[in-house]
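Numbering of the sequence shown is given in my numbering, commencing with residue 81 and proceeding in unit increments.
Even for Gly, the Cβ is constructed at its ideal location relative to N, Cα and C.
All values derive from a computational prediction rather than experimental measurement.
Here is the structure we will look at, set down as structure tokens.
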Amino acid sequence: MKVTENVYGLEATKGSYAYLITGEETVLIDTGRPGQGNGILKELDSLNVNPKDIKHILLTHHDVDHIGNSAQLQEITGAKLWSSREDLPYILGELKRHGLKKVIGSLIKVKLPRDIQTYNSTNVAGNIQVIETPGHTPGHVCLLYKDVLFAGDLVMSSSKGIKPSPGIMTWNKDKLTDSIKKVGALNFTWVCPAHGIPVKKDEGWML
Ligand SMILES: [Zn+2]
């Protein structure tokens, strides 16, 4: 699914979308649920993207439906894999996930990636800006590339527009609300959530 000139939502990860940015640097944002890695590789091929072209894999947060294929894809692409410092211990299994996610995390096995960098400045790769948006998880981030916001699980979209990600999955609701306000003040046209489909910000950024 093409969003803008250089931005694609990967159909192989439909339901928990990973996104691809091509252009000066090829970047993957999130990696879908466990078991979708081969589908992602096939789709890259159909987009004429050599896996080795991917220089960075940026994770929005630690949930299993976002880090699911990070180990496999890191191995095959040789890309640098990035997460926030706060979410890293959950990815590595050093800290237990919160609430319902503790159960989900114990049921779904994810191969752990070997080598993860933590976001240490506002610019990680290409022209991508990392925006700290805690709430859904302690270290959730959104990523901003030109006029496209990769929202991770800060918000989701449906036919009714954009809404906050559900409370039952939220680590801290007040922080989520603050993060939605903070991001709402930024300039961008497209919102690319993991859950739902890309929508325009002016179709109803809430709060
Ligand atoms: Zn998710």
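- Beta-carbon contacts of E91 that lie in its chain and below 7 Å, excluding the five residues immediately before and after: Counting from 1 along the sequence shown, the entry for residue 91 is found at position 11. When the five nearest sequence neighbours on each side are left out, the beta carbons in the same chain lying within less than 7 Å of the beta carbon of E91 are those of M81 and E123, in order along the chain.
- Item | alpha helix (DSSP H) segments (min. 4 residues) lying fully within the stretch 108–165 | Positions of the alpha helix (DSSP H) runs, each at least 4 residues long and wholly inside the stretch 108–165, are given as 117–126, 144–147 and 150–157 in order along the chain.
- Any non-hydrogen atom of ligand 1 closer than 7 Å to A274 Cβ: On the sequence shown, position 194 is the one that residue 274 refers to. Under cutoff, so the answer is yes.
- Task: Might you give, ordered along the chain, the residues of its own chain that have their beta carbon closer than 6 Å to the beta carbon of K176, omitting 5 neighbours on each side?
- Result: If you number the sequence shown from 1, residue 176 lands on position 96. So the qualifying residues of the chain are K182.
- Query: Should I188 be labelled buried (16 or more other beta-carbon atoms within 10 Å of its own) or exposed?
  - Reply: Here residue 188 refers to the residue found at position 108 of the sequence shown. Residue environment analysis places I188 among the exposed positions, since fewer than 16 neighbouring C-beta atoms fall within 10 angstroms of its C-beta.
- Query: Any idea if L287 is buried or exposed, counting beta-carbon neighbours within 10 angstroms, 16 or more meaning buried?
  - Reply: Translated into the one-based positions of the sequence shown, residue 287 becomes position 207. Here the model assigns L287 a pLDDT of 47, short of 50, so the residue's position is not dependable and the matter cannot be decided.
- Can you list the beta strand (DSSP E) stretches of 3 or more residues lying completely in the stretch 217–262, in chain order? With a minimum length of 3 residues, the continuous beta strand (DSSP E) runs that stay inside the stretch 217–262 are 221–225, 228–232, 235–238 and 241–244.
- Query: Mind checking whether the beta-carbon of H146 lies closer than 7 Å to any heavy atom of ligand 1?
  - Reply: Residue mapping note: residue 146 aligns to position 66 of the sequence shown, counting from 1. Checking every heavy atom of ligand 1 against the Cβ of H146, one is found closer than 7 Å.
- Message: What does the Cβ neighbour count give for N149, buried or exposed, with the cut at 16 atoms within 10 Å?
- Response: Your numbering for residue 149 matches position 69 in the sequence shown. N149 is buried by the Cβ-count criterion.
- Return yes when at least one heavy atom of ligand 1 lies under 7 Å from the C-beta of D258, else no. Mapped onto the sequence shown, residue 258 falls at position 178. Answer for D258: no, Cβ out of range of ligand 1.
- Message: Can you find the residues in the same chain that come closer than 6 Å, C-beta to C-beta, to Y97, ignoring five residues on each side of it along the sequence?
- Response: If you number the sequence shown from 1, residue 97 lands on position 17. Excluding sequence neighbours, Y97 sits near G89 and A274.
- Sorry if obvious, but does the Cβ on D254 come closer than 7 Å to a heavy atom of ligand 1? For the purposes of this step, residue 254 is taken as the residue at position 174 of the sequence shown. Between ligand 1 and the CB of D254, the shortest heavy atom gap is not smaller than 7 Å.
- Item | Whether T106 touches D133 by CB criterion (8 Å) | Counted from its first residue, the sequence shown places residue 106 at position 26. Counted from its first residue, the sequence shown places residue 133 at position 53. The Cβ atoms of T106 and D133 lie closer than 8 Å to each other.
- Given a threshold of 16 other Cβ atoms within 10 Å of its Cβ, counted over all protein chains shown, does L153 qualify as buried or as exposed? Taking the first residue of the sequence shown as position 1, residue 153 is located at position 73. Looking at its Cβ environment, which holds 16 or more other Cβ atoms inside 10 Å, L153 is buried.
- Task: Could you work out which residue in P114, T93, I101 and K94 is closest to V337 when comparing CA atoms only?
- Result: Outside the modelled stretch of the chain, which goes from 81 to 287, sits residue 337, for which no answer is possible.
- Message: Just list the residues that DSSP pairs Y99 with in beta bridges.
- Response: Taking the first residue of the sequence shown as position 1, residue 99 is located at position 19. Note: Y99 sits in a beta bridge opposite G89 and I109.
- Under three-state DSSP, which class holds V190? Stepping through the sequence shown from its first residue, residue 190 is reached at position 110. Looking at V190 - three-state DSSP - the assignment turns out to be coil, as it is neither helix nor strand.
- Item | Rounded C-alpha distance that separates S164 from D233 | In the sequence shown, residue 164 corresponds to position 84, counting from 1. In the sequence shown, residue 233 corresponds to position 153, counting from 1. Their backbone Cα atoms lie some 14 Å apart in a straight line.
- Could you spell out the range, first to last residue, of the beta strand (DSSP E) harbouring I171? As a working mapping, residue 171 is identified with position 91 in the sequence shown. For I171, there is no enclosing beta strand (DSSP E); the residue is part of the alpha helix (DSSP H) that begins and ends at L168 to I171.
- Message: When you compare the CB positions of I171 and I147, do they come within less than 8 Å of one another, or not?
- Response: Stepping through the sequence shown from its first residue, residue 171 is reached at position 91. Stepping through the sequence shown from its first residue, residue 147 is reached at position 67. Taking 8 Å as the Cβ cut-off, I171 and I147 qualify as a contacting pair.
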